[in-house]
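Encoded as structure tokens, the structure appears first; notes follow it.
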Amino acid sequence: MRTSLQRASGIYRRVATTPAPQLVGELPSMRRPMRPFTTAALGFLFGFGAATLGSLYLLQKEYRAASASVLASSASLNAHAEHFTSYLDRIAAAEARVDQLSKLVVSRELIDQTNETARRMYSDMYEETLALRERVWRLGTSLADTENERLAFTQTPRSVWDAPPPPPSPAMRLL
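With the first letter of the sequence shown counted as 1, position 159 gets the number 159 in UniProt numbering; the numbers rise by one all the way through.
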């Protein structure tokens, strides 16, 4: 026990105090029991928070999967769009070539008219060629005849030393 003097209003008093008991281990807690409503509210809030965190985790996981799927779909769509654009370019080039060829294409009537003109021209040329061949043949035969007649009238006795006369030229044939 401990004693001490304390002065209060000019009077000294003696106060005796006893030391607190020495306990080994843990101090006893002086908790009050929680009320049922408070416990239920805290349990609800804890459960709601845990459920929110779990659902947030699952929602983020689903969002990442959906985002990756959208990115893959977008890349595939871009590839298909480029492929489609290349087809459109090829079609445009083919249409331009067809337009260019349609400007160069001649109508069937013009082809028939040109063929008829060429046929007439070849026919006329063939007739002219035949006429010229016939004329040349007549000239050749008349020339050969006159040469033969000239040789027949101008024959002189020949000596052994003279060159033989050339043979008469044959009549020309038409080709």
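From the three backbone atoms N, C-alpha and C, an ideal C-beta is built for every residue, glycine too.
At the level of alpha carbons, what is the spacing between residue 90 and residue 84?
Within the sequence shown, numbered from 1, the residue matching residue 90 stands at position 90. Within the sequence shown, numbered from 1, the residue matching residue 84 stands at position 84. Between the alpha carbons of residue 90 and residue 84 lies a distance of about 10 Å.
Locate the alpha helix (DSSP H) running through residue 79, then write down its first and last residues.
Taking the first residue of the sequence shown as position 1, residue 79 is located at position 79. Residue 79 -> alpha helix (DSSP H) spans 36 to 104.
Quick one: grab the DSSP three-state call for residue 160.
One-based indexing of the sequence shown puts residue 160 at position 160. In the structure shown, residue 160 adopts coil according to DSSP, grouped into three states.
Out of curiosity, what's the CA-to-CA distance linking residue 126 and residue 86?
Position 126 of the sequence shown holds residue 126. Position 86 of the sequence shown holds residue 86. The alpha-carbon atoms of residue 126 and residue 86 are separated by roughly 57 Å.
Would you grab the beta carbon distance between residue 151 and residue 165 for me? Rounded to a whole angstrom, and I think it's under 8 Å.
One-based indexing of the sequence shown puts residue 151 at position 151. One-based indexing of the sequence shown puts residue 165 at position 165. 7 Å between Cβ atoms; contact.
Helix, strand or coil at residue 107 [DSSP, three-state]:
Against the sequence shown, residue 107 aligns to sequence position 107. Of the three classes helix, strand and coil, the one that applies to residue 107 here is coil, per DSSP.
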